[in-house]
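Per the UniProt record's numbering, the sequence shown runs over residues 1 to 493. Each remark here refers to the structure printed beneath this line.
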Amino acid sequence: MSSQALSQDWLNTFISSYSLLTDEDKNFVLDSIIAASGPNQLFMLSTKLKDFVFRDFISFLPPEIAFQILQYIDGKQLLVCCQVCKSWNERINNSQKLWRSLAENEGAVVADKTNDFETLSKPEKRNYTFDRSQCYKILYMHTLSVLKGLSTGHSIRINENYIEKGSWRITSVKYLFGNIVTGCDDHTVQVWSVPDGLSLIMVSTHSVSCLTMTDTHLFTASFNANAESWDLATGYHCQTFCGHTSAVIAIDVTPDKCYLLTGSVDKTAKLWHLNNDSSLLVKTFNLHADWVFHVKFLPNFNDDLHFLTCDSLLVNIQLVTVNGDIKASYHIHLFETCSRFTSFYHSKHDPYQLYICQWTEEKKSSHLSCYKIRPKLNVAEKDFHFQIPLSSLKAYLLGAGQKFAVIMCSISRKDFHVVDIIRRSVVATITTPDFCMLTRNGSSVTLCNTSWLDGLNFGEINEQTPVFAASVGRNTVILGTWTKCVGSLTEKD
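Below, the structure written as structure tokens:
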């Protein structure tokens, strides 16, 4: 028998015996062989060891196991992994579940919980012009691009001359029923079309600190200590709500148009009954130690009126009868005695969900909180509370949803910061001109279509969709709208 055949027989016997050993015994055998090896053998081992250790484990693993590993890698690093080799690129690109999860984490809205492109809604399919097997990867990349574009100006188009009022100061800006509504020092309220800025309705009023509307009537709060109602169709004055002793800076009306709620610099809130003949004061609430700059009706509870009134120190939630008798009263207090409430925002999809911004002067920090109002229990439970990661910024909350919140600095009075509520990080800053003013009730700045705060649904976004409106330069209103590229998904993203 030749030495080669003898060596092969010996090697086969050795491998067979080696495979039956325990891991500990195998390690001992390898240590012994390495110890007995000479320089040539050790050199050969060092050159091949790299290939032995760095195996292409992704290609050999079942897709389900590979997903469990890859989901711990962020999207940007996954894009780098796609460049490792062809097999990695194919495996990662075709992992629909992985890219869908990343897209949702960044803020994109998708239709369902499956991986099948065919089950997506028609608006979502509308602009997909690429390989369908990679649709969620493109959705993820597009979401990153849109968020980056908020900071660079590629996602938002700002019309700096949307409305001009000559020498008159614009004191209130609201987005209601798909239009922009302004109150002005020329004692008029006007309704403007979006996005072209055509005047649709003009009502001669009084000075306007803030306003609200129903489908038929306009309600205005005034610096002259009164509130008023007006017929939108005719422009005629309907009712005067007289009783406050200082400027009225907060106003709200029930959906059935039966009751009005006002808040004032005189530190009181008043509940009014609306009828065709006169305005009837139901009750005055003397519960506040500072200006009442925010009031809001909540859904009626067992035929009783449910509402909240807010100042910088206290959120007071009331349940009263139609005659004003208090049945329940509970509060939301500051989390630190040295803090102050700066702003409030009510969830569009849940009227019992209240977002609050607080400012702590000593620490120069702002916090965002969310409370769930439980009417059956007469309590307001804190859902979350975190510090906004922008040092020394006195935050004013413009809007919030399930995914994003938008704040601005109430001191510098410019720029919007987009906060990822889930990750508790700032993901974009929208650069704006300096605003004319930011009143305590925030009446000079408004977000428009806020559905994107719950997540970016690109199938519903177009270049006509308004994002925000604000009074700048005392007599001008700017309008921000999405750009065309936001709603169009292409492989270039």
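Glycine included, every Cβ here is placed at the ideal spot set by N, Cα and C.
Every beta strand (DSSP E) of 3 residues or more that sits fully in the segment 259-331 is shown, in chain order, as 259-264, 269-274, 279-285, 294-301, 304-310 and 314-320.
DSSP links Ser343 through a beta bridge to Cys357. For Thr171, the closest of His294, Ile430 and Gln190 by C-alpha to C-alpha distance is Gln190. For the pair Ala395 and Ser366, the CB atoms are nearer than the 8 Å cut-off. Rounded to the nearest whole angstrom, the C-alpha separation of Asp215 and Pro195 is 20 Å. Where Thr152 is concerned, the enclosing alpha helix (DSSP H) starts and stops at Cys135 to Thr152.
When the beta-carbon positions are compared, Leu287 and Asn316 come within less than 8 Å of each other. In this structure, Ser229 is the residue among Ser229, Val265, Asn302 and Lys267 with its C-alpha nearest to the C-alpha of His273. Bounds of the beta strand (DSSP E) holding Glu160 are Ile156 to Glu164.
Burial state of Leu70 is buried, judged by a 10 Å Cβ sphere holding 16 or more other Cβ atoms. Using a Cβ distance threshold of 8 Å, Arg157 and Thr483 count as a contacting pair. Per DSSP, Arg374 is one residue of the beta strand (DSSP E) stretching across Ser365 to Arg374. Counting of Cβ neighbours within 10 angstroms places Ile34 among the exposed residues, the total staying below 16.
Judged by DSSP in its simplified three-state form, Gly473 adopts coil rather than helix or strand. Inter-residue distance for Ile249 and Ser193 is about 25 Å (C-alpha atoms, whole angstroms). Taking C-beta separations shorter than 7 Å and ignoring five residues to either side along the sequence, the partners of Asn475 in its chain run Glu164, Lys165, Gly166, Ser167, Trp168, Arg169 and Ile170, following chain order. Counting only unbroken stretches of 3 or more residues, the beta strand (DSSP E) elements lying wholly within the segment 381-446 are 395-400, 404-409, 416-420 and 425-430, in sequence order. Between Thr309 and Cys338, the gap from beta carbon to beta carbon reaches 8 Å or more. One thing to note: Val320 has its Cβ no nearer than 8 Å to the Cβ of Asp252. If you draw a straight line from the Cα of Leu232 to the Cα of Val203, it comes to about 7 Å.
Bridge pairing for Ala221: Cys210 and Ala227 [DSSP]. Membership of Ser37 in any alpha helix (DSSP H) is not indicated, and neither H nor E is assigned to it by DSSP.
If the five residues before and after Leu102 are omitted, its C-beta is found closer than 6 Å to the C-beta atoms of Gly75 and Tyr140, all from its own chain and listed in chain order. By the neighbour-count criterion, in which a residue is buried when 16 or more other Cβ atoms sit within 10 angstroms of its Cβ, Trp452 is buried. In the three-state DSSP reduction, Thr481 falls in the strand class (E or B). The continuous alpha helix (DSSP H) containing Lys86 extends over residues Lys86 to Asn93. Taking the CA atoms as reference points, Ile411 sits about 12 Å from Lys364. Taken through DSSP and simplified to helix, strand or coil, Tyr18 comes out as helix.
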